[in-house]
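Working notes, structure below.
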Amino acid sequence: MDALTVKVAGVEFRNPFLLASGIWGESGASLHRAYVAGAGGVVTKSIGREPRTGYPNPTIERLDDWGLLNAMGLPNPGIKNYAEEVRFALSKGVKVVGSVFGGTPEEFALLSVEMEKLGVGSIELNLSCPHAKGYGSEIGADPELLSEVVRAVKKAVKVPVWAKLTPNTSDPALLAAAAESAGADAISAINTVRALAIDPVGMRPVLYHGLGGLSGPAIKPIGLAFIWQAYEKVRIPLVGIGGITTPEDAFEYLLAGATLLEVGTAVADSGGTVFHTLADGLREILKERGFGNVAEAVGAAHRK
Amino acid sequence: MDALTVKVAGVEFRNPFLLASGIWGESGASLHRAYVAGAGGVVTKSIGREPRTGYPNPTIERLDDWGLLNAMGLPNPGIKNYAEEVRFALSKGVKVVGSVFGGTPEEFALLSVEMEKLGVGSIELNLSCPHAKGYGSEIGADPELLSEVVRAVKKAVKVPVWAKLTPNTSDPALLAAAAESAGADAISAINTVRALAIDPVGMRPVLYHGLGGLSGPAIKPIGLAFIWQAYEKVRIPLVGIGGITTPEDAFEYLLAGATLLEVGTAVADSGGTVFHTLADGLREILKERGFGNVAEAVGAAHRK
Amino acid sequence: MRTTVTIEEVVRETPSTVTLRFRYAPTALPGQFVMIWLPGDDEVPMSLSYVEPEPLKGVTVKVMGATSRHFNQLEKGVRVGIRGPYGNHFDLTPSNILLVAGGSGAAVLAPAAEAAHRRGSKVSVALGATTANEILFRDRFARFAEEVFLSTDDGTEGRKGFVTNLLPEILSSRKFDAVWSCGPEVMMVKTLRASEEHGVPFFGSLERQMKCAINLCDACAFGPYHVCTEGPVFDGKTLASVEDFGTFKRDASGQRVRA
Amino acid sequence: MRTTVTIEEVVRETPSTVTLRFRYAPTALPGQFVMIWLPGDDEVPMSLSYVEPEPLKGVTVKVMGATSRHFNQLEKGVRVGIRGPYGNHFDLTPSNILLVAGGSGAAVLAPAAEAAHRRGSKVSVALGATTANEILFRDRFARFAEEVFLSTDDGTEGRKGFVTNLLPEILSSRKFDAVWSCGPEVMMVKTLRASEEHGVPFFGSLERQMKCAINLCDACAFGPYHVCTEGPVFDGKTLASVEDFGTFKRDASGQRVRA
Ligand SMILES: Cc1cc2nc3c(=O)[nH]c(=O)nc-3n(C[C@H](O)[C@H](O)[C@H](O)COP(=O)(O)OP(=O)(O)OC[C@H]3O[C@@H](n4cnc5c(N)ncnc54)[C@H](O)[C@@H]3O)c2cc1C
Ligand SMILES: Cc1cc2nc3c(=O)[nH]c(=O)nc-3n(C[C@H](O)[C@H](O)[C@H](O)COP(=O)(O)OP(=O)(O)OC[C@H]3O[C@@H](n4cnc5c(N)ncnc54)[C@H](O)[C@@H]3O)c2cc1C
Ligand SMILES: Cc1cc2nc3c(=O)[nH]c(=O)nc-3n(C[C@H](O)[C@H](O)[C@H](O)COP(=O)(O)O)c2cc1C
Ligand SMILES: Cc1cc2nc3c(=O)[nH]c(=O)nc-3n(C[C@H](O)[C@H](O)[C@H](O)COP(=O)(O)O)c2cc1C
Ligand code: FES
Ligand code: FES
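Protein chains in written order, with our numbering: chain A, 1 to 304; chain B, 1001 to 1304; chain F, 2001 to 2259; chain S, 3001 to 3259.
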């Protein structure tokens, strides 16, 4: 087995670098392209039941080379229309993780079933959707609601289920533990960090939606902290996300406890070449530091 | 009245730029120096009952020009020893805000009383201290505990009380509302964002304590979001903190809803000259944009 | 990174089209576009209709819906948000170029043609519009073009009908080594076909949904390509290889709709 | 920013002192220090005892407590974390310099003296130590110094007693235009006084708690100054104006303790 091969909940990925949800995920052709560019797998855009146009522009705001703000508003063509995109990617042999979002446990379950029918190998639940029942807070920040969703989905599908958690919480370990005990097979973290950009000339928020989410290098330390805390709490595998740009970043996430990694904002500058750079670089680092494979490095920083 | 003069809960500051807590705050001479350098006021280091050495080094990790991680561990000489530092600063005419931290409402109240006796004009409660009763989570992230602390302190002192809140929460507005209804006179936000740095060579966390807090430009969008959400919820004045480095940053915080501002990490590079740069720059911007004074600009982005 | 520019000149080009000129420092190559934001309204992609060495850059906006109407009402002195330039650009080396433009398509072709002309290329132009007073940049092209062929849908100027009807004649009349086209996608499909028939390399500038413009969100997906980064200019071979071309684009939700 | 260096040479200087040499690219001026980290142990400030043009930089560490003992046991090939250099440096323009060093104080003075010598300055050295085999850099100074005066607390080498006892004689023997000093703070206080008496400008390198080293945390507060940034080298006038000098420093909690 290659040093970069990773198995999560029985599903094998040829390397730990997956295309993050919401990046290049609108079309099957783009998913395929990320895979050809060297990704170990791809996570689809978060898909809902009905088509949503998302928010009007501006939907993104580049802050500097260290950060990006976005408020896309979960644009997606709805699960029915999206089916052909997933099928296209699968037909090309792409390892697809289907990402879904919903407002209720039932909706999450229904969408997951549809994804499973399409043939995806794993499902990622986007548990930081702003359309939530409850007291106006996000589903994913409430351990109760989060558990309900995970349980409902686990009951409905056989493929592994990953719970994607938000960093906008006072207690990452609590959320991780809730997901684990509800039956999640893995935890993905982090989604973007709640943030805002103001245009000092127009004297208003830049993003149409106002609030947005911060991604990119600036959130790497925040993602690492989440993975670190989750690793100390749960035993299911962790999918590290947030600012991964260089092979060193990836190695740090492994050391902190992540088994798989997702790459989002870094795709922007690289146009996909980042996947080869990351994989080659990580292979080098593992060898140099005496690790036989990815799994051996996972959580190593906790053992010091 | 000068365009930069700001009044918060009856206390006047000659400009809105205060030295943030934990920066240059160990000695009265340094507090005085920040004031001479042009700060509108200074917030002391967070002071507890007994001397604490804080964590061993490394206590800080500079990530890049956009971010800094720290885990000082609340080093402080204890309120008794610190008294002479506060007295020195006050004797020089410095506008001092006394920052305190504690593990219980009583402790916060006791320390606030001591600060008031020393003569500080306002008190800032550091409500993100890791030494908390409750379920291991921080006092400041729990609206109940937070309210208890604020109520206890308000009962004990006459000077205005500011509640300094954490961004590590799912619901900033909820925390802000809790502080307001418990009687806080102002809200300061944000403290640092939970984060971690891993040393890929040593394969362990860089900071001795492991987890730390992110500050600097990278958290400006996170601080702006907090102020934005708090402004929509509460009517008490807001003290904006997080990544303020340029006059434009300051202006954006005003537009988002902050009345006062604290400057932390930016002091590092500037050695204090940042205060003049900020004040001069903001004065220019206000004039150019047709605002007669700071108060007029506060929250302007909400009125679009 | 986003910045703000002040509109310094407003030029009414046709009843439905206006050019806005502004000072914007980043170097732009002909063919590139910017994302331009009217605070309070939308942010939209616009090709640069004026680039270096002009002291003022410019965009030329045709009314299509609410946002472009808003642009058409802007006055001198207004400040708009801008980021970019984004995307690729026209290769200026061909020495005998035919432009085929429909509607606002002339906006992106004009600065490219001027740049090629400055390098010594010969440029001929086929301009189509709905009606006579909607013909865009007729005088601008006349200043340097070998010939300007006109057509209008209603026959009020030039040949009546679609501009593509002119192509067999033009392409037979002389040897071109490049056809550059921008306009409605059906027009470009036909122009590509005509160019192929005459063995002339084709380059077309495409329009798709744009959200991020930085190769991230996939809104501009066109087959496996991203129009914001690998386009908007594509060569004929690439266009012909992508099933989307002339058949479908994606709306803001990602659903396929007719191109 | 922190980086990692590999110890390439370990030189035992005295029973309690070791020099560690490593390749570290950032330019350093004599007098500056680095923050050096033994993962798993502490991170401490150390003056650079070797700077450019030496191919290997170095620090010279005297055993004081647990961390410095750990440093004294390091072997070649070990990797340590490092950031810096930080702080100010010695002004190398004086032409007749007297060094007054106690204990590990010679570590920071040696590279400064070498640099001044290279520029043509004359350097004399007064070296103090507890006992003969603890005298640091005796040979290193001998290579270029006009004279090296020695003293030991126990009289096993040179004059018995504190190094400051040598000063009246040395300062009267010749005209110096600068005294540079580093060592225990009481020693520096006495040296400053002696220099003032002889009208010679004084410069001393100070030690205080260091945490951030970037002018932020105030751990290194010395009067209104920050030793990490405005020091570690201060001139005599500044030192004399700060009540802390020779009286108190702050421990890790910020409490005042005897200097
Ligand atoms: C790279 C690029 C360069 C462009 N350059 C120019 C230019 O130089 N001059 C010019 O007038 N227009 C240009 N456009 C088109 C422009 O961005 C807008 O699409 C157009 O102004 C319509 O906006 P609206 O909101 O007023 O109309 P809407 O009410 O949104 O729609 C009117 C019509 O335009 C289509 N449309 C809307 N938004 C987009 C979009 N983002 N991308 C593609 N089609 C869309 C709709 O499908 C509809 O048919 C360009 C588009 C792209 C992608
Ligand atoms: C700018 C600067 C340059 C220095 N350069 C050198 C050098 O070149 N060579 C060298 O051997 N040492 C140098 N030191 C001192 C060194 O950083 C350590 O203080 C020393 O090695 C003791 O560490 P320890 O943990 O082994 O001892 P500890 O057990 O911590 O303490 C032993 C003694 O050292 C004092 N001490 C501890 N930490 C500090 C500190 N951070 N700052 C000041 N005093 C402290 C204590 O008060 C105690 O008296 C320098 C200090 C500073 C501030
Ligand atoms: C433009 C954009 C769109 C995104 N859309 C989604 C989405 O639909 N679902 C989701 O779970 N995460 C979404 N994310 C979050 C990313 O998957 C990822 O968690 C985040 O960007 C942090 O990783 P990064 O720093 O590598 O970008 C989106 C991020 C960006 C930048
Ligand atoms: C070195 C350091 C020490 C700090 N100590 C404290 C403290 O004692 N009490 C407190 O309330 N905040 C403390 N903070 C947080 C700052 O006051 C401020 O909230 C934070 O750094 C964000 O602002 P900035 O980005 O301008 O630095 C500290 C921050 C730093 C960098
Ligand atoms: S517009 Fe987002 S990828 Fe092209
Ligand atoms: S060591 Fe922190 S200010 Fe000097």
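We treat Cβ as the ideally placed atom computed from N, Cα and C, and that holds for glycine.
Being a predicted model, the structure only gives us computed values, none of them experimental.
Integer-rounded CB distance, given that residue j should sit under 8 angstroms from residue i
i: GLY1243(B); j: ASP1249(B); result: 7 angstroms
i: SER21(A); j: THR44(A); result: 7 angstroms
i: PRO2045(F); j: MET2035(F); result: 6 angstroms
i: LEU146(A); j: LEU118(A); result: That belief does not hold up - the Cβ atoms of LEU146(A) and LEU118(A) are roughly 25 angstroms apart, past 8 angstroms.
i: LEU125(A); j: VAL96(A); result: That belief does not hold up - the Cβ atoms of LEU125(A) and VAL96(A) are roughly 15 angstroms apart, past 8 angstroms.
i: ALA176(A); j: ALA230(A); result: 4 angstroms
i: GLY2105(F); j: GLY2183(F); result: 4 angstroms
Rounded straight-line distance, which links the Cα of residue j to that of residue i
i: ALA3213(S); j: ARG2119(F); result: 57 angstroms
i: LEU1090(B); j: GLU296(A); result: 57 angstroms
i: ARG2012(F); j: ALA2028(F); result: 23 angstroms
i: PHE2071(F); j: LYS1158(B); result: 56 angstroms
i: GLU1114(B); j: ALA1266(B); result: 30 angstroms
i: LEU1019(B); j: HIS3089(S); result: 28 angstroms
i: PHE2346(F); j: PRO2085(F); result: Chain F is shown only over 2001 to 2259; residue 2346(F) falls outside these bounds and no answer can be derived.
i: THR1104(B); j: VAL1149(B); result: 7 angstroms
i: LEU3206(S); j: ILE1123(B); result: 35 angstroms
i: SER112(A); j: ILE241(A); result: 21 angstroms
i: PHE1108(B); j: GLU1116(B); result: 12 angstroms
i: LYS92(A); j: TRP66(A); result: 34 angstroms
i: ALA132(A); j: ILE139(A); result: With a pLDDT of 46 at ALA132(A), under the threshold of 50, the predicted position of this residue should be treated as unreliable, and no value is reported.
CB of residue i within 9 angstroms of CB of residue j, strictly
i: SER3121(S); j: LEU3092(S); result: yes
i: ASP3218(S); j: SER1188(B); result: no
i: ALA71(A); j: LEU165(A); result: no
i: ALA3116(S); j: VAL3123(S); result: yes
i: LEU260(A); j: VAL8(A); result: yes
i: PHE2202(F); j: SER2181(F); result: yes
i: ALA2178(F); j: PRO2094(F); result: yes
Counted within 10 angstroms of its Cβ, other Cβ atoms place residue i as buried (16 or more) or exposed
i: PHE1013(B); result: buried
i: ILE2007(F); result: buried
i: ALA2260(F); result: Because chain F in this structure spans residues 2001 to 2259, residue 2260(F) falls outside the shown range and cannot be described.
i: LYS1287(B); result: exposed
i: LYS1155(B); result: exposed
i: ASP199(A); result: buried
i: GLN3073(S); result: exposed
i: VAL1294(B); result: buried
i: PRO2168(F); result: exposed
i: MET3210(S); result: buried
i: GLU1262(B); result: buried
i: LYS2237(F); result: exposed
i: ASP3139(S); result: exposed
i: TYR1135(B); result: The predicted position of TYR1135(B) is uncertain, since its pLDDT is 38 and thus under 50; no value can be drawn from it.
i: LYS3160(S); result: exposed
i: VAL1298(B); result: buried
Contact test: residue i Cβ vs ligand 8 heavy atom, cutoff 8 angstroms
i: MET2187(F); result: Absence of ligand 8 is noted for the structure shown, with ligand 1, ligand 2, ligand 3, ligand 4, ligand 5 and ligand 6 being the only ligands found.
### Task
Run through the segment 189–219 of chain A for me and flag every whole beta strand (DSSP E) of 3 or more residues, listed as ranges in chain order.
193–195, 212–215
#### Entry: Residue ranges of each beta strand (DSSP E) within the segment 70–136 of chain A, 3 or longer
96–100, 122–126
### Task
Entirely within the segment 1229–1258 of chain B and at least 4 residues each: give me those alpha helix (DSSP H) ranges in chain order.
1247–1256
### Query
At what residue ranges does the segment 3170–3217 of chain S contain a whole run of the alpha helix (DSSP H), taking only runs of 4 or more?
3185–3197
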